[in-house]
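Reading the sequence shown from the start, the letters are residues 415 to 635 in the working numbering. Heads up, the beta-carbon is just placed ideally off N, CA and C, and yes, glycines get one too. Owing to the predicted nature of the structure, the values given are computational and were not obtained by experimental measurement. The structure appears below as structure tokens.
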Amino acid sequence: MREILGRRRRLLSPHDDGRPELIGAALTYATQWQWPVLPGAAADPRARSRCACPDPECTVPGAHPFDPGLLAATTDGRMVRWWWANRPAAPIVLATGGAAPCAVSLPALPAARALAALDRAGMRLGPVVASPHRWALLVRPYSMEQLGELLYAKDFVPGSLRFHGEGGYLALPPSETGAGAVRWERAPRPGSAAPWVPDVEAVVDAVVDVLTRTGVSAPEL
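So this is what it looks like as structure tokens:
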């Protein structure tokens, strides 16, 4: 998914009620874990199911970059502090790929069932980000060529799977988006080091196998 372009405008006033845990989390991601982040567009305060960006048909309300654009994502603590000082309620958006984790996401109900099956199988998973409608499993950075080869080798890949790779993004906890709160379903272990994440091959293989073997319906949401 790419940046949504549009005319520049202030999306949130610096006088909006802020959430101090947002800037604390953003600083942890950026300065301790070296994950490039930026403030998201935020939900429209007049109707939270809509986005504050100019696109009336926005499919990820409040959960995408807009102003600044995705290329502005940074690990600079000073920039992160400035952004959230001026937009204290803005969602935290991770620019996936590069040195940052990528992600594989799927609808929430199939994701919950898949995680339970993977736990029973003893598979080690990294952090899992959950929103009301979709869960995202964080994985190591991968290239588009690597992903293409992985998917080409499979007989079937559920259409509901989404891949957040280079040039993509993902809202991180404790953001509030148009779809609702973003939280950790599997939280990173406390500490200063960046969380461990598995290879994309292991996650895709396991998730596709579980969804196929169990017959779990994963609608294309």
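Reference residue i; option with closest CA among the options
i      : options                           : result
Leu471 : Asp481, Ala457 and Thr442         : What sits at residue 471 in the sequence shown is Glu, not Leu. Answer by Cα proximity: Ala457.
Val542 : Trp496, Thr445 and Leu520         : Leu520
Gly454 : Pro479, Pro502, Leu436 and Thr445 : Pro479
Ala487 : Leu452, Ala528 and Val474         : Leu452
Leu551 : Glu435, Arg627, Pro515 and Asp481 : Pro515
Residue i classed as buried or exposed, judged by whether at least 16 other C-beta atoms fall within 10 angstroms
i      : result
Arg603 : exposed
Arg548 : buried
Thr374 : What is shown of the chain runs 415 to 635, which leaves residue 374 out entirely.
Trp496 : exposed
Gly491 : exposed
Distance between residue j and residue i (C-alpha atoms, nearest Å)
i      : j      : result
Ala439 : Arg597 : 12 angstroms
Asp619 : Trp449 : 26 angstroms
Val624 : Asp569 : 14 angstroms
Ala525 : Thr591 : 20 angstroms
Glu599 : Ser606 : 20 angstroms
Arg433 : Arg501 : 10 angstroms
Ala621 : Ala444 : Here residue 621 turns out to be Val, not Ala, going by the sequence shown. When rounded, the distance between both Cα atoms is 29 angstroms.
Glu559 : Leu484 : 22 angstroms
Identity of the residues DSSP links to residue i by a beta bridge
i      : result
Trp496 : For Trp496, which the question treats as bridged, DSSP gives no partner whatsoever.
Leu586 : Ile506
Thr591 : Gly594
His578 : Ala517
Whole-number beta carbon distance between residue j and residue i, since they are thought to touch under 8 angstroms
i      : j      : result
His578 : Leu584 : 5 angstroms
Ala513 : Pro555 : 7 angstroms
Ser545 : Ala593 : 5 angstroms
Asp613 : Val553 : 7 angstroms
Leu436 : Ile506 : 6 angstroms
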